[in-house]
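Under our numbering, the first residue of the sequence shown is numbered 226, with each subsequent residue one higher.
Where a beta carbon is used, it is the ideal one built from N, C-alpha and C, also for glycine.
Notes to accompany the following structure.
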Amino acid sequence: MSFCVKCGRDCEESLDGLCIDCWLDGRRLTSLPHHVDLKVCTNCGEYEFGDRWLKRDRMVAVQDAAADALSVIRDAVPVSVSTVAEEQDPYVYSVTVRTTCDVMGYEAEDEATTIVRIKNTVCRRCSRQLGSYYEAILQIRTGSGRLSEEDREETLAMVENSVARQAATNRSLFITKMELVTGGVDVYLSSMSLGKSLARELADFYCAETKESPKLVGQTTDGQDMYRITYLVRLPEYHVGDVVVFQGHHCKLTRVNGNGGRLMDLMGFRERAVRRADMSSIKVYEKAEDLREATVVSRSGLEIQVLHPDNYSTVDLRVPEDAEIGDSVRVVSIEDVLYFVP
Ligand SMILES: [Zn+2]
Ligand SMILES: [Zn+2]
226 MSFCVKCGRD CEESLDGLCI DCWLDGRRLT SLPHHVDLKV CTNCGEYEFG
276 DRWLKRDRMV AVQDAAADAL SVIRDAVPVS VSTVAEEQDP YVYSVTVRTT
326 CDVMGYEAED EATTIVRIKN TVCRRCSRQL GSYYEAILQI RTGSGRLSEE
376 DREETLAMVE NSVARQAATN RSLFITKMEL VTGGVDVYLS SMSLGKSLAR
426 ELADFYCAET KESPKLVGQT TDGQDMYRIT YLVRLPEYHV GDVVVFQGHH
476 CKLTRVNGNG GRLMDLMGFR ERAVRRADMS SIKVYEKAED LREATVVSRS
526 GLEIQVLHPD NYSTVDLRVP EDAEIGDSVR VVSIEDVLYF VP
């Protein structure tokens with residue numbers, strides 16, 4: 226048991242020789258600077274907090290900025306903080322921060338007020354984006370030298386989705402621009418690692434060939450060599466569903482993924498796997514969308530009779546055991562002989 230040197234009261238614990246009431250009397254527990262500047266990006270509308278840019282409602286950003294600037298004296302531990310903001314004009318807010326502190330096991334309250342000023346600026350990402358900054362170019366091409374509109378749209382959708390996914394956790398990643406060029410499309414990207422991951426993603430999805438070529442473009446301010454990297458992705462001509470030729474056999478391409486593909490032989494309907502390394506020797510014989518339709522006349526076991534799409538003669542076609550045969554089937558003509566395409 227000790228006593229307070231100011232009021233003389235007995236007290237269990239003392240700080241600087243004072244009881245809790247005398248110690249707290251007139252003492253500030255918290256303080257705020259005269260004003261706090263809060264940067265907002267005029268392009269994306271995000272607010273700067275430390276080294277991060279965050280999307281916030283303006284009133285929330287203003288109150289967070291004031292709370293972040295709060296100082297609390299050493300003997301007090303803040304337990305809860307609440308803020309009230311009052312707009313003086315759209316760029317100036319008066320914010321009061323009320324803090325409940327724990328002082329030697331006692332609860333004590335204090336409040337402090339500051340002015341939060343909104344400062345317009347452009348964040349680094351936006352200034353790069355507006356300045357057409359890029360570190361990598363993803364060149365999407367095909368083996369045939371012409372990228373179809375369908376393939377272009379499909380690959381660009383994949384690229385955009387992937388960038389959006391990666392940018393959610395890393396706001397420095399963005400697409401600077403996309404450019405249609407002869408034979409394909411060029412996608413300019415803010416980062417090399419983004420270019421690399423997109424090239425890998427496309428390569429795995431389409432079994433595409435990729436090639437990367439760095440180009441020295443200058444030096445950074447601290448004397449490091451600066452490179453840009455071009456990632457060339459050459460999409461194969463084939464698509465799932467096409468009739469293709471592989472090692473002299475006419476087959477339907479039934480699957481493509483990062484490990485290779487699967488083919489079904491049109492003569493015996495046997496399926497086989499193709500290693501990724503061998504995929505480049507697959508040649509398109511007839512694209513899926515160009516396959517002809519033939520009207521089915523009858524079925525008997527492993528054979529169906531159809532009308533030849535050119536001369537309407539009746540032709541026997543071999544079909545697999547489990548084939549579901551409707552009113553018409555897709556067929557392909559190979560050396561003047563018609564084959565059923567499963
Ligand atoms: Zn006292
Ligand atoms: Zn911005």
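Less than 8 Å between the beta carbons of residue i and residue j, yes or no?
i, j, result
"Thr445", "Ile362", "no"
"Thr435", "Leu414", "no"
"Ile550", "Val509", "no"
"Ala513", "Gly466", "yes"
"Val557", "Leu516", "yes"
"Leu381", "Val410", "yes"
"Val566", "Ile529", "no"
"Val322", "Thr308", "yes"
"Leu419", "Met383", "no"
"Val469", "Ile507", "yes"
"Arg480", "Glu360", "no"
"Ser369", "Glu496", "no"
"Val306", "Ala292", "yes"
"Phe399", "Arg350", "yes"
"Asp335", "Leu254", "yes"
"Leu243", "Asp300", "no"
"Trp248", "Arg396", "no"
"Leu423", "Ser373", "no"
"Cys476", "Leu460", "no"
"Pro534", "Glu560", "no"
"Leu563", "Glu546", "no"
"Tyr358", "Ile245", "no"
Keeping to the same chain, check which residues put their C-beta closer than 6 Å to that of residue i; ignore five residues upstream and five downstream.
i, result
"Glu273", "Lys264"
"Tyr318", "Val287, Ala310, Glu312, Val341"
"Arg377", "Val410"
"Pro439", "Tyr452, Ile454"
Keeping to the same chain, check which residues put their C-beta closer than 7 Å to that of residue i; ignore five residues upstream and five downstream.
i, result
"Ala498", "Gly485, Arg487"
"Val302", "Cys326, Asp327"
"Leu457", "Gln364, Arg366, Thr435, Lys436"
"Arg353", "Ser415"
"Lys231", "Leu243, Cys247"
"Arg524", "Ile550"
Would the beta-carbon of residue i be found less than 7 Å away from any heavy atom of ligand 2?
i, result
"Glu273", "no"
"Asn386", "no"
Whose C-beta lies closer than 8 Å to the C-beta of residue i among residues of the same chain, with five residues either side of it excluded?
i, result
"Thr294", "Note that residue 294 corresponds to Ala in the displayed sequence, not to Thr. If we look at Ala294 and ignore the five residues flanking it on each side, its Cβ neighbours are Leu257, Pro258, Val261, Thr339."
"Ser538", "Leu532"
"Asn482", "Asp429, Phe430, Cys432"
"Arg281", "Glu271, Tyr272, Asp289"
"Glu511", "Asp467, Val468, Val557"
Where do the ends of the beta strand (DSSP E) carrying residue i lie?
i, result
"Lys477", "474–482"
"Met504", "Per DSSP, Met504 belongs to no beta strand (DSSP E) and is neither H nor E."
"Val230", "From DSSP, Val230 is part of no beta strand (DSSP E); its letter is neither H nor E."
"Val322", "317–328"
"Gln530", "528–532"
"Ala361", "361–367"
"Thr338", "331–346"
"Gln573", "Here the chain covers residues 226 to 567 and nothing more, so residue 573 does not appear."
For the alpha helix (DSSP H) holding residue i, just list the boundary residues, first then last.
i, result
"Ile569", "Residue 569 lies beyond the stretch modelled for the chain, which goes from 226 to 567, so this question has no answer here."
"Leu423", "417–431"
"Arg377", "374–392"
"Arg349", "349–355"
"Ala301", "Here Ala301 belongs to no alpha helix (DSSP H), and DSSP marks it neither H nor E."
"Val287", "283–293"
Please enumerate, following chain order, all residues with a beta carbon closer than 6 Å to at least one heavy atom belonging to ligand 1.
Residues flagged by the Cβ proximity filter: Cys229, Lys231, Cys232, Arg234, Leu243, Cys244, Asp246, Cys247.
Lining residues of ligand 2 - beta-carbon closer than 5 Å to any non-hydrogen atom, in sequence order:
Chain-ordered list of matching residues: Cys266, Asn268, Cys269, Cys348, Cys351.
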